[in-house]
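See structure below.
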Amino acid sequence: MLLPFALLALQAPQNPAAPSQGQNLTQEQKPVQVEETIVTASAFADAPLDLPVSVDSLSKLWLRTRARTVAESLAQRPGVMVQKTGPGQSSPYLRGFTGFHTQLLMDGIPVNHAAMRSGPNQYWSTLDSLVVERLELVRGPTSVLYGSDAIGGTVNAIARRAAIGGDGVAAEFGSFTRLSSADNAWTERLEAAVHNGSEWGLLGGVTVSRYGNLSAGSGELPNTGYSQTNADLRFDRYFANDVEWTIAAQTVRQKDVPRTHKTIFAVPFNGTSVGSELRRDLDQTRDLYYSRLKWAGHKGLLNDGEVTLSLQRHDEDRDRLRSGDRRDLQGFELFDYGLTARFQSEATETGTWSWGAEVHHQVADSYRRDYVGNTLTNTAVQGAIGDNSTYNSAALYVQDEIAVGEDFSLIPGVRASWFALDSERVENPASGPAVIGVDESWTALTGGVRGVWYLQNNATLFAGLSQGFRAPNLSDLTSLSATSAVETPSPELEPEHFLQFEVGTKGHQGRWSWQTSAYQTWISDMIVQSPTGSLIGGVPEVQKSNDGDGWMHGLEFDVAFALQNGWSLFGYGAWMDGEVDQVTLPAGTTSREPVSRLAPLQATGGLRWASDDQRYWSEAWVWTVDNQDQLALRDITDSSRIPAGGTPGYTIFGVSGGMKVTEDATWSLSLDNIGDKDYRVHGSGLNGPGFNIITTLDLNF
Numbered sequence: 156m157l158l159p160f161a162l163l164a165l166q167a168p169q170n171p172a173a174p175s176q177g178q179n180l181t182q183e184q185k186p187v188q189v190e191e192t193i194v195t196a197s198a199f200a201d202a203p204l205d206l207p208v209s210v211d212s213l214s215k216l217w218l219r220t221r222a223r224t225v226a227e228s229l230a231q232r233p234g235v236m237v238q239k240t241g242p243g244q245s246s247p248y249l250r251g252f253t254g255f256h257t258q259l260l261m262d263g264i265p266v267n268h269a270a271m272r273s274g275p276n277q278y279w280s281t282l283d284s285l286v287v288e289r290l291e292l293v294r295g296p297t298s299v300l301y302g303s304d305a306i307g308g309t310v311n312a313i314a315r316r317a318a319i320g321g322d323g324v325a326a327e328f329g330s331f332t333r334l335s336s337a338d339n340a341w342t343e344r345l346e347a348a349v350h351n352g353s354e355w356g357l358l359g360g361v362t363v364s365r366y367g368n369l370s371a372g373s374g375e376l377p378n379t380g381y382s383q384t385n386a387d388l389r390f391d392r393y394f395a396n397d398v399e400w401t402i403a404a405q406t407v408r409q410k411d412v413p414r415t416h417k418t419i420f421a422v423p424f425n426g427t428s429v430g431s432e433l434r435r436d437l438d439q440t441r442d443l444y445y446s447r448l449k450w451a452g453h454k455g456l457l458n459d460g461e462v463t464l465s466l467q468r469h470d471e472d473r474d475r476l477r478s479g480d481r482r483d484l485q486g487f488e489l490f491d492y493g494l495t496a497r498f499q500s501e502a503t504e505t506g507t508w509s510w511g512a513e514v515h516h517q518v519a520d521s522y523r524r525d526y527v528g529n530t531l532t533n534t535a536v537q538g539a540i541g542d543n544s545t546y547n548s549a550a551l552y553v554q555d556e557i558a559v560g561e562d563f564s565l566i567p568g569v570r571a572s573w574f575a576l577d578s579e580r581v582e583n584p585a586s587g588p589a590v591i592g593v594d595e596s597w598t599a600l601t602g603g604v605r606g607v608w609y610l611q612n613n614a615t616l617f618a619g620l621s622q623g624f625r626a627p628n629l630s631d632l633t634s635l636s637a638t639s640a641v642e643t644p645s646p647e648l649e650p651e652h653f654l655q656f657e658v659g660t661k662g663h664q665g666r667w668s669w670q671t672s673a674y675q676t677w678i679s680d681m682i683v684q685s686p687t688g689s690l691i692g693g694v695p696e697v698q699k700s701n702d703g704d705g706w707m708h709g710l711e712f713d714v715a716f717a718l719q720n721g722w723s724l725f726g727y728g729a730w731m732d733g734e735v736d737q738v739t740l741p742a743g744t745t746s747r748e749p750v751s752r753l754a755p756l757q758a759t760g761g762l763r764w765a766s767d768d769q770r771y772w773s774e775a776w777v778w779t780v781d782n783q784d785q786l787a788l789r790d791i792t793d794s795s796r797i798p799a800g801g802t803p804g805y806t807i808f809g810v811s812g813g814m815k816v817t818e819d820a821t822w823s824l825s826l827d828n829i830g831d832k833d834y835r836v837h838g839s840g841l842n843g844p845g846f847n848i849i850t851t852l853d854l855n856f
């Protein structure tokens with residue numbers, strides 16, 4: 156399947172890269188093309204100013220200092236709230252959405268799968284931040300490029316690769332150490348890289364993390380430690396004419412990650428309840444293998460392109476121990492076979508065309524076994540999702556980047572999608588046979604149009620109208636799980652629809668740099684969970700329906716001002732509000748209530764300094780978050796995570812700094828939550844870290 160593209164790319168003559176949209180503009184109006192590029196917003200590298208969307212790009216240095224996981228590295232960014240159900244279960248909310256309403260990519264390959272839940276979940280924590288070169292965030296719907304789950308935003312973890320250059324074969328070795336006091340944790344990565352000039356490079360490494368019990372402002376939180384091991388291997392082969400071939404593998408193993416707030420070890424926060432379970436631990440295994448052929452700078456319709464074959468395996472096991480020596484084990488194993496092809500033409504009078512196709516075949520099995528003591532008492536029909544299941548999808552998309560005059564570009568696009576779900580063993584939620592099958596399919600045509608207006612040198616105004624579409628997955632239709640609520644299979648659910656309008660500006664002038672935006676999202680047929688008022692095993696029961704019509708809107712800003720001698724001021728933050736229809740059971744009445752876990756008003760500001768040679772850097776910052784008392788019906792029943800009346804606000808202070816000790820050694824030190832504030836991110840199952848000393852050492856030799 157890859158051979159025709161390989162031959163085409165190898166035989167095509169060398170051609171300079173197609174000009175960016177800015178190069179069609181007058182010299183006075185076009186933005187200066189800086190070195191930074193963003194891949195995720197258009198599937199190919201573009202300058203941030205050329206993109207009609209709100210974007211963030213977090214560097215390797217950012218990922219390797221304060222934050223310990225990929226998800227937590229997004230904390231405090233505009234439009235983001237990182238909820239933490241448990242110590243290894245961080246889940247970002249992007250413009251009010253989380254779980255399967257956000258798209259997570261690893262090197263462009265979806266980490267999302269058909270078993271992913273709607274609410275906060277643990278799957279973001281299965282990425283190793285130390286294999287990431289940079290993290291790209293595109294806010295808002297990107298369904299034309301990335302399909303069903305790209306509603307609140309899309310995050311792409313761009314993987315690191317071995318450095319190349321010089322003559323002959325050379326080898327390098329590296330280590331990275333991170334220590335943090337609040338969770339008594341250490342992380343160690345060892346890696347090796349080999350390359351042969353500029354012909355090929357091989358990078359491999361192992362990361363081991365051990366996390367102890369977390370210390371919050373109120374003291375130690377018991378039963379919050381766990382361990383994690385990651386390994387990765389990547390080979391890149393570089394050919395003539397800007398053709399490269401990549402083959403890579405990644406694996407993660409998480410062991411005994413606790414969901415503490417459901418257990419007797421939970422520590423109350425402002426009156427939150429304590430769980431009744433003796434233990435609820437999760438084991439996670441995720442393996443990713445992929446091969447990619449990529450080329451750039453060729454003529455015609457295949458000027459740029461990439462074709463990727465991927466296989467992802469996700470294995471999850473939950474061990475729950477309750478009173479009376481009752482124990483249940485449940486889990487699932489899912490395989491995702493994927494093929495993605497993306498292409499981009501050279502710029503012509505008709506614009507720059509991008510198009511592609513994506514196909515996924517997912518196979519999943521699940522189980523549940525109940526015990527009293529060591530005696531097996533029940534083997535259930537299914538686990539958290541239907542057993543003997545498949546989930547297939549296919550899509551085609553096309554978009555064009557059109558120059559309209561000398562100072563405006565327009566980007567319309569459309570995507571045609573097909574989904575099919577077949578689950579052979581699903582527990583019947585109604586009377587009748589104990590086992591039923593679910594067989595459903597859906598199609599969708601989604602589109603969007605965005606534009607960029609080049610105001611002057613290094614400044615743009617952008618706006619766009621984007622549709623979002625999400626097809627129900629295995630978790631929606633076949634879930635039989637007790638997480639924060641008990642869900643029962645809902646075979647009649649239909650797709651969700653979203654429409655977002657966004658307008659913003661970004662640029663840099665003199666000492667100022669900025670990115671601001673305002674957005675309005677219209678929600679239609681969203682699947683909502685309505686509490687029935689009943690308890691099953693002490694856990695609130697919910698029923699799912701497509702009654703969720705509503706809206707969401709917000710404002711975001713990110714501003715910096717350069718002072719003298721390497722000093723600069725920075726500030727960023729966001730405000731949002733939203734309501735969606737919800738059902739009160741058993742009466743069945745519908746009312747419009749706040750969106751579940753609505754992010755409160757928050758802002759971060761600080762002072763940063765860097766030496767002229769970038770050898771030394773430091774910053775001081777303050778993060779302030781308002782109260783959140785706008786609660787959905789389900790939030791009110793979530794008494795173990797959300798205090799009665801809402802989550803109180805907080806203000807956190809910190810300082811960070813680092814230095815390049817030698818050309819091969821970099822050291823950093825951060826002091827977070829200097830005031831040892833006891834706080835909780837809204838919707839989380841445990842409090843944030845108290846006073847925390849974080850130090851890292853990055854060595855290469």
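Following our numbering, the numbering of the sequence shown begins with 156 at its first residue and continues without gaps.
Note that beta-carbon positions come from the ideal geometry of N, C-alpha and C, so glycine has one too.
Could you give the DSSP three-state label for residue i: helix, strand or coil?
i: H453; result: coil
i: Y834; result: coil
i: H268; result: coil
i: V559; result: coil
i: D577; result: strand
i: S298; result: helix
i: P203; result: helix
i: F846; result: coil
i: F255; result: helix
i: E354; result: coil
For a quick check, are the C-beta atoms of residue i and residue j less than 8 Å apart?
i: Q391; j: T401; result: According to the sequence displayed, residue 391 carries Asp and not Gln. Yes. Within cutoff.
i: I193; j: E291; result: yes
i: G568; j: G528; result: no
i: N858; j: G254; result: Residue 858 lies beyond the range of the chain shown here (156 to 856); nothing can be said about it.
i: S795; j: T427; result: yes
i: R859; j: R389; result: Residue numbering for the chain in the displayed model covers 156 to 856; residue 859 lies beyond these limits and cannot be assessed.
i: A451; j: D491; result: no
i: R570; j: I306; result: no
i: I540; j: F487; result: yes
i: N378; j: F420; result: yes
i: Y526; j: R497; result: no
i: P207; j: I566; result: yes
i: G234; j: G709; result: yes
i: A138; j: G356; result: Residue 138 cannot be examined here, being either before or after the span of the chain that is shown, 156 to 856.
i: V593; j: E582; result: no
i: L740; j: G688; result: yes
Residue i bridges to which residues according to DSSP?
i: T503; result: G506
i: E346; result: G329 and G360
i: L466; result: Y444 and Y492
i: W776; result: G761 and G809
What's the gap between the Cα of residue i and the Cα of residue j?
i: T744; j: Y674; result: 30 Å
i: V604; j: M261; result: 26 Å
i: S273; j: D474; result: 21 Å
i: V349; j: N385; result: 20 Å
i: P296; j: A758; result: 23 Å
i: D283; j: A340; result: 16 Å
i: W822; j: G506; result: 47 Å
i: T806; j: K832; result: 8 Å
i: R333; j: R365; result: 11 Å
i: Y381; j: Q439; result: 12 Å
i: G560; j: V607; result: 12 Å
i: G845; j: P413; result: 19 Å
i: G760; j: L437; result: 37 Å
i: A198; j: L259; result: 14 Å
i: N100; j: L620; result: Nothing can be reported for residue 100: it is not among the residues displayed for the chain, which extend from 156 to 856.
i: T676; j: L600; result: 18 Å
Where are the beta strand (DSSP E) runs, 3 residues long or more, that stay fully inside the segment 382 to 441, in chain order? Counting only runs of 3 or more, we get 398 to 413.
Whole runs of the beta strand (DSSP E) within the segment 720 to 771, excluding any shorter than 3 residues: Complete beta strand (DSSP E) runs here, min 3: 722 to 739, 744 to 749 and 757 to 765.
Residue ranges of each alpha helix (DSSP H) run of no fewer than 4 residues wholly in the segment 570 to 647, ordered along the chain? Look at the segment 570 to 647 and you find these whole runs of alpha helix (DSSP H), each 4 residues long or longer: 629 to 633.
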